[in-house]
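Taking it in order: structure first as structure tokens, then the write-up.
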Amino acid sequence: MHTYDHIESEDPEVFSIIQGEDKRQAEGLELIPSENYVSTAVREAMSSSLTNKYSEGYPGKRYYGGQEFTDQIETIAIERAKKLFGAAYANVQPLGGANANIAMYMALLEPGDTVLGMDLSHGGHLTHGHPVTYISKVFRFVRYKMKNIETGEIDYDLLRETAIAEKPKIVLAGFSAYPRELDWRRIADIAHEVGAYAVADVAHIAGLIAGGSAKNPFDYGFDVMTRTTHKTLRGPRGGMILIRESEEVAKKIDKAVFPGLQGGPHMHQIAAKAVSFKEALNPAFKDYARQVVMNAKAMADVFLADGARLITGGTDNHLLLLDVWSSYEISGGEAETLLDRAGITLNKNSIADDTRKPMDPSGIRFGTPSLTTRGFTTSECEAVAKMMIEILKKRDDETVERVREEVRVLAAAHPIPESFVNLV
Ligand SMILES: *Cc1c(COP(=O)(O)O)cnc(C)c1O
17 MHTYDHIESE DPEVFSIIQG EDKRQAEGLE LIPSENYVST AVREAMSSSL
67 TNKYSEGYPG KRYYGGQEFT DQIETIAIER AKKLFGAAYA NVQPLGGANA
117 NIAMYMALLE PGDTVLGMDL SHGGHLTHGH PVTYISKVFR FVRYKMKNIE
167 TGEIDYDLLR ETAIAEKPKI VLAGFSAYPR ELDWRRIADI AHEVGAYAVA
217 DVAHIAGLIA GGSAKNPFDY GFDVMTRTTH KTLRGPRGGM ILIRESEEVA
267 KKIDKAVFPG LQGGPHMHQI AAKAVSFKEA LNPAFKDYAR QVVMNAKAMA
317 DVFLADGARL ITGGTDNHLL LLDVWSSYEI SGGEAETLLD RAGITLNKNS
367 IADDTRKPMD PSGIRFGTPS LTTRGFTTSE CEAVAKMMIE ILKKRDDETV
417 ERVREEVRVL AAAHPIPESF VNLV
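Sequential numbering from 17 applies to the sequence shown in our numbering.
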């Protein structure tokens with residue numbers, strides 16, 4: 017499918033490892049909700065000559081010569097990003113989602129300022145001030161939570177009380193393990209009531225927003241969005257920052273990304289972002305986003321029918337959080353290992369107010385972006401959910417082997433597509 021002629025002859029050691037990973041991806045079912053497959057066009061941009069070029073600065077304002085083509089590439093990426101998400105300004109240089117968040121904090125805060133963000137065990141992200149991060153030592157992070165773990169309802173009253181008491185400069189909404197839609201309007205209003213910026217980290221759901229299957233926080237008054245360009249958006253690994261309307265904020269963000277945080281932008285990655293944004297602007301991407309959500313709901317229904325406990329009781333987006341400990345008396349770590357042996361890849365995950373430790377928590381997190389890219393429909397996703405349940409219940413080698421074979425057949429019937437242009 018992909019040519020590696022030069023690596024094969026010049027570095028057989030690395031070649032064979034890459035081949036192994038290609039095979040693993042082709043023959044297994046990828047349920048990690050933050051992963052996806054990029055098109056060959058995106059991969060070609062990633063391996064283009066743009067990787068050779070230094071272009072510190074921004075289009076028209078660079079610190080090196082020879083920017084005729086890099087300026088065009090970055091401008092196209094910016095214009096497409098703005099169009100996709102309804103933003104007045106975009107910065108496409110962040111190397112990843114973590115960098116985008118750090119630059120956003122640097123732009124909007126002074127050291128010691130407060131951020132009010134989602135509790136990490138309730139679905140927030142490491143980069144939202146987890147104590148292991150350096151950023152948690154620079155800024156002060158306070159938390160809001162769900163009021164009801166069984167429905168996923170956020171405790172908006174507590175959020176408002178905390179905002180009034182703690183005077184944050186940023187109210188941050190966003191998550192990597194929360195399966196429900198947020199009341200974006202309510203959060204934006206609370207942020208603005210206390211004079212804070214309303215910032216959404218939509219890393220996980222960016223593709224659903226672009227495809228019209230999740231709400232766009234900008235429609236509800238949010239000021240800034242950070243996100244990754246991979247995950248549901250199906251672009252290259254990377255990050256970006258969007259600003260709804262404030263030129264002043266946009267200028268601060270640009271300065272924070274470069275020279276504040278990063279050096280030269282990765283122009284090959286920016287070219288690949290531009291290509292993926294074009295794919296996401298294609299009407300077919302709307303069908304993709306809709307199918308991702310339908311597939312996740314179909315899987316949720318199978319688990320609920322089996323009496324399992326899904327955190328928040330189901331899903332509105334691409335991901336599910338299953339309490340395997342109380343549902344099937346198996347730890348998240350054991351479930352991850354067992355399913356991996358059957359070719360079903362997902363990750364163990366803490367659940368809200370988990371009584372078990374993060375290294376072997378009570379839950380597993382999984383989702384449908386990758387399966388949907390391979391053309392899986394609801395009935396096939398239901399079949400995958402049933403395979404998972406069988407393994408979680410039986411756990412014997414024979415069952416694992418049999419399911420492994422079923423997974424191979426299903427995967428072979430749905431090869432990873434090379435192009436999304438003609439898919440509807
Ligand atoms: C994935 C994710 C990030 C980090 O993105 P990286 O590209 O891995 O640095 C940040 N925030 C949220 C909510 C995420 O889900």
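Note that beta-carbon positions come from the ideal geometry of N, C-alpha and C, so glycine has one too.
Taking the alpha helix (DSSP H) that residue i belongs to, which residues open and close that run?
i           : result
residue 424 : 413 to 429
residue 58  : 56 to 62
residue 27  : From DSSP, residue 27 is part of no alpha helix (DSSP H); its letter is neither H nor E.
residue 201 : 200 to 209
residue 172 : 172 to 182
residue 113 : 113 to 124
Mapping the DSSP letters down to three states, classify residue i as helix, strand or coil.
i           : result
residue 188 : strand
residue 358 : coil
residue 304 : helix
residue 234 : helix
residue 337 : strand
residue 19  : coil
residue 324 : coil
residue 158 : strand
residue 298 : coil
residue 404 : helix
residue 169 : strand
residue 193 : coil
residue 43  : helix
residue 101 : helix
Residue range of the beta strand (DSSP E) that residue i falls in?
i           : result
residue 364 : 363 to 365
residue 257 : 255 to 259
residue 132 : 130 to 134
residue 241 : 240 to 244
For residue i, which residues of its own chain have a beta-carbon under 7 Å away from its beta-carbon, when the five flanking residues on both sides are left out?
i           : result
residue 282 : 111
residue 440 : Confidence at residue 440 is low in this model, with a pLDDT of 42, below 50, so its placement is unreliable and no value can be given for it.
residue 338 : 319, 324, 326, 379 and 380
residue 94  : 106 and 108
residue 322 : 405
residue 71  : 78, 80, 83, 86, 280, 281 and 283
Please work out which residues of its chain come closer than 6 Å, Cβ to Cβ, to residue i, disregarding the five sequence neighbours upstream and downstream, and give them in chain order.
i           : result
residue 215 : 186, 188 and 240
residue 212 : 184, 185, 186 and 187
residue 434 : 56
residue 265 : 259
residue 159 : 135
Take residue i and list the residues in its own chain whose beta-carbon comes closer than 8 Å to its own, dropping the five residues that flank it on each side.
i           : result
residue 354 : 346, 407, 408, 411 and 416
residue 352 : 362, 363, 364 and 380
Between residue i and chain D, is there a C-beta pair that is closer than 8 Å?
i           : result
residue 202 : Given the protein chain composition of this structure (a single chain), no chain D is represented.
Okay, do the segment 219 to 226 and the segment 236 to 249 touch, 3+ Cβ pairs below 8 Å being the bar? The answer is yes - the segment 236 to 249 touches the segment 219 to 226, with three or more Cβ pairs under 8 Å.
Decide if the segment 85 to 92 is in contact with the segment 324 to 333; the criterion is three or more beta carbon pairs, one per stretch, under 8 Å apart. At 8 Å Cβ cutoff, the stretches do not touch.
Do the segment 303 to 319 and the segment 161 to 181 touch if we need at least three Cβ pairs shorter than 8 Å? These segments do not touch.
Does the segment 188 to 199 come within contact of the segment 136 to 148, defined as at least 3 CB pairs closer than 8 Å? Yes, they touch.
So, does the segment 278 to 294 touch the segment 93 to 111, judging by three or more C-beta pairs under 8 Å? The segment 278 to 294 vs the segment 93 to 111: in contact.
For the segment 229 to 238 and the segment 34 to 49, state whether three or more C-beta atom pairs, one from each stretch, are separated by less than 8 Å. Put simply, the segment 229 to 238 does not touch the segment 34 to 49. Fewer than three CB pairs are less than 8 Å apart.
Using a Cβ distance threshold of 8 Å, determine whether the segment 114 to 126 contacts the segment 257 to 266, with at least three qualifying pairs required. Output reads yes: the segment 257 to 266 touches the segment 114 to 126.
Could you say if the segment 264 to 280 and the segment 194 to 211 meet the contact criterion of at least three C-beta pairs nearer than 8 Å? No: fewer than three Cβ pairs fall under 8 Å.
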